[in-house]
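*Asks:*
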Amino acid sequence: MSILYLQLDFESDTPIYEQLKSEIIIAIAKKQLLPGERLPSVRALASDIGINLHTVNKAYQQLKQEGFLLIHRQRGVVVNPDPPIIDEQYKQQLLQTLRPLIANCLSRGMERNLFLQHCETIYTELEEGDHND
Amino acid sequence: MIKFYYSMIVIMFFVNFSIAFMPYLTRKTENFGVSIPESAYDRPDFKAMRKKYSVRLNIVNISFILLFIAGNLYLQENTLTIIFSSLIVIYLLLSLLFYLPFHHEMKKIKQSEKWHEQYNQTIIIDPKFRVEKLIYPNYLYVIPFLIVLIVSVFTWIKFDLIPEQVPIHTSFFGEVTYGEKTFGNVFLLPSTALILISLFVFVNYIIKQAKQQISAANPNVSRKQNIIFRRRWSLFLFVMSVLLTLMFSFLQLTLIYQTLLPYQEIVIFIVVGLILFGVILLSFTTGQGGSRVKLLQEEEQQKIERDDDRYWKLGQFYVNKNDPAIFVEKRFGIGWTNNWAHPLSWILIIVILGLAIGLPIFIQSL
């Protein structure tokens with residue numbers, strides 16, 4: 001069994017709470033965090049990372065809003081047993097995120113196939129999840 | 134009397150052991166309180182620094198012991214006790230005096246090396262770390278607690294057998310001070326044992342709660358080392374609590390059965406000896422954060438932990454108000470220390486000191 005690590009880069013331009021969010025979503029995608037599984041409390045996670053409580057709280061709250069996490073008063077933070085679905089709203093959001101991204105690739109002269117290949121690789125990597133780590 | 138003289142030499146050796154070899158026991162991501170990349174730990178100039186520090190303190194220790202032996206030939210016991218305590222204090226001051234130049238030198242080297250610009254500063258944590266068994270459970274402490282309870286009940290039953298004068302204090306030279314046979318004086322030892330057991334339970338809790346520190350360069354190894362480190366000290370703590378409880382129980386029984394008195398010294402000597410030996414053995418086999426536990430090495434990542442040197446005052450005191458953690462691993466030492474920017478750290482230290490000083494006084498007044 002491989003161990004799930006959350007990795008935060010303190011020199012990156014991406015804010016820490018964004019990084020934390022991505023790390024948790026990746027872990028859920030890779031099935032390293034299973035539906036219903038518990039996550040550390042805000043205080044416990046913030047203490048282990050050594051950052052402000054608000055930073056962790058912000059990441060958790062946004063993940064809750066997006067439907068990845070449930071925050072119970074008693075049971076603490078758990079991975080949502082009913083993962084978020086792809087609705088019309090999400091589709092719109094996805095296209096909105098992809099459009100500038102692909103535009104960026106295109107203006108740099110990246111070929112369509114290369115871009116699709118990268119997508120393919122990442123998909124496979126995430127799907128294989130646990131075994132590949 | 135001669136035994137107490139020897140036990141002082143043993144204590145000097147123990148203090149020296151736990152301080153002079155400290156540079157060798159820290160994590161390999163630190164040298165004299167300054168964080169470094171793990172790969173730099175074995176640099177020849179760093180090795181030389183560690184050796185210098187160690188050799189100097191060992192020389193001081195040996196000369197102090199010779200001084201003490203010489204003093205024993207000419208001086209009174211009371212003078213010797215004073216000399217002994219001052220020698221220990223001077224030793225501790227000297228250790229700090231030897232440490233500081235190395236600490237500053239390391240800071241300078243670090244500034245010119247710019248490690249934290251070459252490597253990627255990352256923090257790695259395992260969100261399921263606390264699901265692991267990190268400590269031996271606190272309910273085990275029911276065992277020493279029951280021992281104290283049994284001894285106390287036994288004392289209560291045999292209360293009449295206890296003489297009118299009971300020992301309440303033993304000096305370093307074995308001179309015993311006696312006190313009235315009051316309830317407080319008779320139950321002084323069991324209550325001290327209870328305070329100690331509660332303190333151990335609390336320390337066990339600290340071992341569990343302390344901040345997770347996983348090396349970014351080799352996460353798998355350091356994670357395992359960290360777990361082993363906590364488990365071993367937690368187990369040691371429990372064994373120590375049982376040993377001390379047994380020792381206190383034996384001393385309590387000497388109140389009732391004076392025929393046991395001749396064995397008192399040997400029991401104390403064995404128990405204290407075992408504990409000191411255990412501390413040294415554990416420190417050298419495990420190292421700080423488990424850094425000396427040999428595990429299958431993994432490929433080293435080109436990463437370094439986030440540089441938090443500015444929060445480590447003199448490389449020894451952690452003061453970081455952005456970190457909600459209360460208990461963190463010591464930098465230059467074995468075990469854990471507090472985040473002094475956290476108000477709870479100060480409250481805890483005041484409560485513990487207050488209990489340690491206040492409770493014995495309160496019990497004796499009963």
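Chains as they are written, first to last, in my numbering: chain A, 1 to 133; chain B, 134 to 499.
Don't be surprised by glycine CBs; every beta carbon is placed ideally from N, CA and C.
Using DSSP with H/G/I as helix, E/B as strand and the rest coil, what is residue 93 of chain A?
*Replies:* Position 93 of the first sequence holds residue 93 of chain A. In the structure shown, residue 93 of chain A sits in a helix (DSSP, three-state: H, G or I).
*Asks:* Taking only the alpha-carbon atoms, compute the straight-line gap between residue 127 of chain A and residue 83 of chain A and give it to the nearest angstrom.
*Replies:* Your numbering for residue 127 of chain A matches position 127 in the first sequence. Your numbering for residue 83 of chain A matches position 83 in the first sequence. Taking the straight line joining both Cα atoms gives about 16 Å.
*Asks:* Since residue 299 of chain B contacts residue 385 of chain B with CB under 8 Å, what's their CB separation in whole angstroms?
*Replies:* Counting from one through the second sequence, the residue named residue 299 of chain B turns up at place 166. Counting from one through the second sequence, the residue named residue 385 of chain B turns up at place 252. So it is not a contact: roughly 10 Å between Cβ atoms.
*Asks:* Identify the contact partners of residue 13 of chain A in chain B, using a Cβ-Cβ distance below 8 Å as the criterion.
*Replies:* In the first sequence, residue 13 of chain A corresponds to position 13, counting from 1. Those do not exist, as residue 13 of chain A stays about 14 Å from chain B at its closest Cβ, beyond 8 Å.
*Asks:* Let me check one thing: in DSSP terms, what residues is residue 72 of chain A bridge-paired to?
*Replies:* Start at 1 with the first residue of the first sequence, and residue 72 of chain A comes out as number 72. Beta-bridge pairing links residue 72 of chain A to A:76.
*Asks:* Among A:30, A:38, A:57 and A:7, which residue has its Cα nearest to the Cα of residue 504 of chain B?
*Replies:* The structure shown does not extend to residue 504 of chain B, since chain B is modelled only from 134 to 499, so the question has no answer here.
*Asks:* Using a Cβ cut-off of 8 Å, pull out every chain A residue sitting near residue 497 of chain B, in sequence order please.
*Replies:* As a working mapping, residue 497 of chain B is identified with position 364 in the second sequence. Here the premise fails: no neighbours, minimum Cβ distance about 40 Å.
*Asks:* Hey, quick one: how far does the alpha helix (DSSP H) through residue 205 of chain B stretch, first residue to last?
*Replies:* As a position in the second sequence, residue 205 of chain B is number 72, starting the count at 1. Its alpha helix (DSSP H) spans residues 177 to 207.
*Asks:* Check each residue of the stretch 49 to 82 of chain A: if its Cβ is closer than 8 Å to any Cβ of chain B, include it; give the result in chain order.
*Replies:* So the close ones are 49, 50, 51, 52 and 53.
*Asks:* Do the CB positions of residue 50 of chain A and residue 344 of chain B come within less than 8 Å of each other?
*Replies:* The sequence position of residue 50 of chain A within the first sequence is 50, counting from 1. The sequence position of residue 344 of chain B within the second sequence is 211, counting from 1. A contact, by the Cβ cut-off of 8 Å.
*Asks:* With H, G and I counted as helix, E and B as strand and the rest as coil, what does DSSP make of residue 13 of chain A?
*Replies:* Mapped onto the first sequence, residue 13 of chain A falls at position 13. Residue 13 of chain A falls in the coil class under three-state DSSP.
*Asks:* Please classify residue 483 of chain B: is it buried, with 16 or more other beta-carbons within 10 angstroms of its beta-carbon, or exposed?
*Replies:* Here the question's residue 483 of chain B lines up with position 350 in the second sequence. Residue 483 of chain B should be labelled exposed.
*Asks:* Can you list the residues of chain A that residue 241 of chain B reaches, using a CB-CB cut of under 8 Å?
*Replies:* Locating residue 241 of chain B in the second sequence gives position 108, counting from the first residue. None at all; the shortest Cβ gap to chain A is about 23 Å.
*Asks:* Using a Cβ-Cβ cutoff of 7 Å, what residues of the stretch 25 to 42 of chain A are near chain B? List them in chain order.
*Replies:* Against chain B - using a Cβ distance shorter than 7 Å - the residues of the stretch 25 to 42 of chain A are 39 and 40.
*Asks:* If the cut is a Cβ gap below 8 Å, which residues of chain B does residue 45 of chain A touch?
*Replies:* In the first sequence, counting from the first residue as 1, residue 45 of chain A sits at position 45. Near residue 45 of chain A (Cβ distances below 8 Å), the residues of chain B are 258 and 260.
*Asks:* Using a cut-off of 8 Å between C-beta atoms, extract the partners of residue 353 of chain B located in chain A.
*Replies:* Reading the second sequence from its first residue, position 220 is the one you call residue 353 of chain B. Neighbours of residue 353 of chain B on chain A, chain order: 3.
*Asks:* Consult DSSP for residue 276 of chain B and reduce its assignment to one of helix, strand or coil.
*Replies:* By 1-based counting over the second sequence, the position of residue 276 of chain B is 143. It is helical.
*Asks:* Could you list the residues in the stretch 446 to 465 of chain B with a C-beta less than 8 Å from some C-beta on chain A, going in chain order?
*Replies:* For the stretch 446 to 465 of chain B, which is checked against every Cβ of chain A, the residues closer than 8 Å are 453, 455, 456, 457, 458 and 459.
*Asks:* Hey, which unbroken runs of the alpha helix (DSSP H) at 4 residues or more fall wholly within the stretch 278 to 356 of chain B?
*Replies:* Taking only runs of at least 4 residues, the alpha helix (DSSP H) segments lying wholly in the stretch 278 to 356 of chain B are 316 to 319 and 321 to 342.
*Asks:* Do residue 311 of chain B and residue 235 of chain B have their beta-carbon atoms positioned less than 8 Å apart in this structure?
*Replies:* Mapped onto the second sequence, residue 235 of chain B falls at position 102. Mapped onto the second sequence, residue 311 of chain B falls at position 178. Result no, Cβ atoms of residue 235 of chain B and residue 311 of chain B do not sit closer than 8 Å.
*Asks:* For residue 86 of chain A, I'd like the list of residues in its chain whose CB is within less than 6 Å of its CB, leaving aside the five on either flank, ordered along the chain.
*Replies:* Sequence index remark: in the first sequence, residue 86 of chain A carries index 86 (1-based). Within the same chain, residue 86 of chain A has no close Cβ partners at all.
*Asks:* Start and end of the beta strand (DSSP E) containing residue 479 of chain B?
*Replies:* Counted from its first residue, the second sequence places residue 479 of chain B at position 346. Not the beta strand (DSSP E): residue 479 of chain B falls in the alpha helix (DSSP H), residues 476 to 497.
*Asks:* Excluding the 5 residues flanking residue 434 of chain B on each side, which residues of the same chain have their C-beta closer than 6 Å to its C-beta?
*Replies:* Position 301 of the second sequence, counting from 1, holds the residue named residue 434 of chain B. 350, listed in sequence order.
*Asks:* Between residue 6 of chain A and chain B, is the shortest Cβ-Cβ distance under 8 Å, so that the two count as touching?
*Replies:* Here residue 6 of chain A refers to the residue found at position 6 of the first sequence. Residue 6 of chain A counts as touching chain B.
*Asks:* Cα separation between residue 163 of chain B and residue 27 of chain A?
*Replies:* Start at 1 with the first residue of the second sequence, and residue 163 of chain B comes out as number 30. Start at 1 with the first residue of the first sequence, and residue 27 of chain A comes out as number 27. Rounded to whole angstroms, residue 163 of chain B to residue 27 of chain A spans 31 Å at the Cα level.
*Asks:* For the alpha helix (DSSP H) containing residue 211 of chain B, list its first residue and its last residue.
*Replies:* In the second sequence, counting from the first residue as 1, residue 211 of chain B sits at position 78. From DSSP, the alpha helix (DSSP H) with residue 211 of chain B extends over 210 to 246.
*Asks:* Considering only residues of the same chain and omitting the five flanking positions on each side of residue 57 of chain A, which have a CB-CB separation below 6 Å?
*Replies:* As a position in the first sequence, residue 57 of chain A is number 57, starting the count at 1. Cβ within range, chain order: 42.
*Asks:* What residue from B:391, B:367 and B:396 has the CA that sits closest to residue 423 of chain B's CA?
*Replies:* In the second sequence, residue 423 of chain B corresponds to position 290, counting from 1. With distances taken between Cα atoms, residue 423 of chain B lies closest to B:367.
*Asks:* Does the stretch 395 to 413 of chain B come within contact of the stretch 369 to 381 of chain B, defined as at least 3 CB pairs closer than 8 Å?
*Replies:* Output reads yes: the stretch 369 to 381 of chain B touches the stretch 395 to 413 of chain B.
*Asks:* Kindly list, in the order they appear in chain A, the residues whose Cβ is closer than 7 Å to that of residue 358 of chain B.
*Replies:* Residue 358 of chain B sits at position 225 when you count from the first residue of the second sequence. Those within 7 Å of residue 358 of chain B in chain A number zero; the least Cβ separation is about 14 Å.
*Asks:* Give me the Cα-Cα distance between residue 174 of chain B and residue 55 of chain A, rounded to the nearest whole angstrom.
*Replies:* To locate residue 174 of chain B, count along the second sequence from 1; it is residue 41. To locate residue 55 of chain A, count along the first sequence from 1; it is residue 55. The alpha-carbon atoms of residue 174 of chain B and residue 55 of chain A are separated by roughly 33 Å.
*Asks:* Please report the distance separating the alpha-carbon of residue 133 of chain A from that of residue 151 of chain B.
*Replies:* On the first sequence, position 133 is the one that residue 133 of chain A refers to. On the second sequence, position 18 is the one that residue 151 of chain B refers to. Model confidence at residue 133 of chain A stands at a pLDDT of 45, short of 50, so the residue's coordinates are unreliable; what they give is reported in the following sentence. Rounded to the nearest angstrom, the two C-alpha atoms are 40 Å apart.
*Asks:* Taking 8 Å as the threshold (C-beta atoms), are residue 355 of chain B and residue 347 of chain B in contact?
*Replies:* Within the second sequence, numbered from 1, the residue matching residue 347 of chain B stands at position 214. Within the second sequence, numbered from 1, the residue matching residue 355 of chain B stands at position 222. Yes.
*Asks:* With a cut-off of 8 Å, does the C-beta of residue 159 of chain B fall near any C-beta of chain A?
*Replies:* Residue 159 of chain B sits at position 26 when you count from the first residue of the second sequence. Answer no: the Cβ-Cβ gap between residue 159 of chain B and chain A never drops below 8 Å.
*Asks:* How big is the Cα-Cα spacing for residue 448 of chain B and residue 183 of chain B?
*Replies:* Here residue 448 of chain B is taken as the residue at index 315 of the second sequence, counted from 1. Here residue 183 of chain B is taken as the residue at index 50 of the second sequence, counted from 1. Near 15 Å, if we compare the C-alpha coordinates of residue 183 of chain B and residue 448 of chain B.
*Asks:* Rank B:394, B:177, B:397 and B:159 by C-alpha distance to the C-alpha of residue 464 of chain B and give the top, closest one.
*Replies:* Position 331 of the second sequence holds residue 464 of chain B. The shortest Cα separation from residue 464 of chain B among B:394, B:177, B:397 and B:159 belongs to B:159.
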